[in-house]
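Here's the structure, in structure tokens; my notes come after.
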Amino acid sequence: SLTPTEIQSPVILQDVRNDNLDIEVAPMGNDPLLGVPIIEVASGQSSLTASPQTNVQPNHPMTYPNSKWTKDHPLNYIIGPLSRPVSTRLQLHKQALFCYYDAFLTSIEPKTYKEVLTQACWIEAMQEELHEFERLEVWELVPRPDKVMVITLKWIYKVKLDELGGILKNKARLVARGYRQEEGIDSEESFAPVARLEAIRIFLAYAAQKNMFVYQMDVKTAFLNGNLREEVYISQPDGFVDTDNPNHVYKLKKALYGLKQAPRAWYDMLSSFLLSQ
Numbered sequence: 001s002l003t004p005t006e007i008q009s010p011v012i013l014q015d016v017r018n019d020n021l022d023i024e025v026a027p028m029g030n031d032p033l034l035g036v037p038i039i040e041v042a043s044g045q046s047s048l049t050a051s052p053q054t055n056v057q058p059n060h061p062m063t064y065p066n067s068k069w070t071k072d073h074p075l076n077y078i079i080g081p082l083s084r085p086v087s088t089r090l091q092l093h094k095q096a097l098f099c100y101y102d103a104f105l106t107s108i109e110p111k112t113y114k115e116v117l118t119q120a121c122w123i124e125a126m127q128e129e130l131h132e133f134e135r136l137e138v139w140e141l142v143p144r145p146d147k148v149m150v151i152t153l154k155w156i157y158k159v160k161l162d163e164l165g166g167i168l169k170n171k172a173r174l175v176a177r178g179y180r181q182e183e184g185i186d187s188e189e190s191f192a193p194v195a196r197l198e199a200i201r202i203f204l205a206y207a208a209q210k211n212m213f214v215y216q217m218d219v220k221t222a223f224l225n226g227n228l229r230e231e232v233y234i235s236q237p238d239g240f241v242d243t244d245n246p247n248h249v250y251k252l253k254k255a256l257y258g259l260k261q262a263p264r265a266w267y268d269m270l271s272s273f274l275l276s277q
């Protein structure tokens, strides 16, 4: 039986000398002031009996925290000035996870305009598209005429990937809902000749036989360079409505992606330029 003196003694394992006792504080969450005393026992002592107030079971190793909440970190582990609170590399890991999450959101292609309102990368992509419209003088803002069909617009969002599958850029394209156009009323000709795959193979085979160099060219916003023959009116794009003239519409000078006559307009412009050289 235990004596009253043994019951009232502190929670210390029996037969443990003071010089072998080390008490550390394990932080609870992010608050170092709330901790639980953890007793570290020197190796070589086993089958120790404990007082009734201790939760330590015999023959079980004692657990202790992997790190201490102290300011004795190595200098290469400390971020920022030494006079400020210590910030270790664990916070860098959290920041890296946040950056990865932000990149994951960027790689998702939004379906509607409302989904991109909180993402700066897509807003910049839309502004870049509209700057291209201004540079090429694609349209002009005019009052809405009577008895004229106004074609609505839609934003299309696409993530451009490189050859390794990494994110190259975020592309926003403003297209017209050309399915509402009727042939003979809203457009005259909508055809455009395209190269057949067999013709491309014959061309490459002939170039290889003659040891010729073949260059590939990509025209940025190609359809925006074609001139229109018809009068086409479109609505103002979502998110970029003129606050002074919200009821105005745009009259197109150049072709726009989605219009039925856009391929024909681009072919006419390109062929006339190549034949003039």
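When we follow full-length UniProt numbering, the leftmost residue of the sequence shown carries the number 1, and every step to the right adds one.
All C-beta atoms, glycine included, are put in the ideal place defined by N, C-alpha and C.
Please read all numbers here as calculations on a predicted model, not as lab measurements.
| field | Segment limits, alpha helix (DSSP H) that includes E198 | value | Boundaries of the alpha helix (DSSP H) around E198: 197-209.
| Is DSSP giving N247 helix, strand or coil here? | DSSP, reduced to helix, strand and coil, places N247 outside both helices and strands of the structure shown, so it counts as coil.
| request: Alpha carbon to alpha carbon, how far is W155 from Y101? Give it in angstroms, no decimals. | output: At Y101 the pLDDT is 45, less than 50, meaning the model places this residue with poor confidence and gives no usable figure here.
| task | Find the nearest neighbour of L179 within the set S272, G258, R229, S271, judged by alpha-carbon distance. | result | Leu is not the amino acid found at residue 179; the sequence shown has Tyr there. Y179 has its Cα closest to that of G258, out of S272, G258, R229, S271.
| Proximal residues to S107 (C-beta, below 6 Å), its chain only, five neighbours per side dropped | Cβ neighbours of S107 beyond the five flanking positions: V159, I167.
| Just curious, the alpha helix (DSSP H) that E109 is in, first and last residue? | E109 -> no alpha helix (DSSP H), and no H or E assigned at all.
| query | Residue range of the beta strand (DSSP E) that A222 falls in? | reply | Per DSSP, A222 belongs to no beta strand (DSSP E) and is neither H nor E.
| Buried or exposed: which applies to R229, given that a residue is buried once 16 or more other Cβ atoms fall within 10 Å of its Cβ? | Only exposed fits R229, as fewer than 16 other CB atoms lie within 10 angstroms of its CB.
| query | E128 to V219, Cα distance in whole Å? | reply | Distance between the alpha carbons of E128 and V219: 16 Å.
| task | Specify the secondary structure class of L164 as computed by DSSP and reduced to three states. | result | Judged by DSSP in its simplified three-state form, L164 adopts coil rather than helix or strand.
| Cut-off 6 Å between Cβ atoms - residues of its own chain near D31, not counting five sequence neighbours on either side | Low confidence applies to D31: its pLDDT is 49, below 50, so where it sits in the model is not reliable enough to give any reading.
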